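Student: Structure incoming, see below.
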Amino acid sequence: ERIICSMAPSIYGMKHVKTAIALSMMGGQQKITPGKHRIRGDINTLLVGDPGLAKSQFLKYIEATFPRAVYTTGKGASAVGLTAAVTRDENGDWGLEGGAM
Numbered sequence: 060e061r062i063i064c065s066m067a068p069s070i071y072g073m074k075h076v077k078t079a080i081a082l083s084m085m086g087g088q089q090k091i092t093p094g095k096h097r098i099r100g101d102i103n104t105l106l107v108g109d110p111g112l113a114k115s116q117f118l119k120y121i122e123a124t125f126p127r128a129v130y131t132t133g134k135g136a137s138a139v140g141l142t143a144a145v146t147r148d149e150n151g152d153w154g155l156e157g158g159a160m
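Sequential numbering of the sequence shown, starting at 60, is according to the working numbering.
As structure tokens, then:
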């Protein structure tokens, strides 16, 4: 709770976003399966929202605070990566699906 409240103190509220970013900063646990297969423990975060919701300010704060953070925008993305689509499955649930540009 203390870590979440201390993140980006100039941004009021947005506790759910601060929680997601804190979990991403702490990272997950690497899993090593039998054989050569290894699953990284990195947690990636995608912030999507209306203009004026402090998305860039959050990411710039984390980039300045956390040395492993990488800040990118649509302008900094290559033509190959960083595309996604929100889709609805047959049960009516929403999901994020990777795509090609």
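For each residue, glycine too, the CB sits at the ideal point set by N, CA and C. Owing to the predicted nature of the structure, the values given are computational and were not obtained by experimental measurement.
Using the Cα positions of G151 and E60, report the straight-line distance between them to the nearest angstrom.
Tutor: G151 and E60: Cα-Cα distance of roughly 33 Å.
Student: Assign I121 to buried or exposed, taking buried as 16 or more other Cβ atoms, counted over all protein chains shown, within 10 Å of its Cβ.
Tutor: Label assigned to I121: buried.
Student: Go through its chain and collect everything with a Cβ distance to A113's Cβ below 7 Å, but skip five positions before and after it.
Tutor: Taken in chain order, the residues that qualify are I70 and M73.
Student: For a minimum of 3 consecutive residues, which ranges assigned as the beta strand (DSSP E) are wholly contained in the segment 88-120?
Tutor: Counting only runs of 3 or more, we get nothing.
Student: Please look up how many angstroms separate the CB atoms of Q88 and G100, rounded, as I've assumed it's under 8 Å.
Tutor: About 5 Å separates the two Cβ atoms, so the contact holds.
Student: What is the residue span of the alpha helix (DSSP H) that S65 lies within?
Tutor: Residues R61 to S65.
Student: Starting from A79 and walking both ways along the alpha helix (DSSP H), at which residues does that stretch end?
Tutor: First-last of the alpha helix (DSSP H) with A79: K74 to M85.
Student: Going by beta-carbon coordinates alone, are M66 and F125 separated by less than 7 Å?
Tutor: Result no, Cβ atoms of M66 and F125 do not sit closer than 7 Å.
Student: Is it buried or exposed for I98, if we count other Cβ within 10 angstroms and need 16 for buried?
Tutor: That one is exposed.
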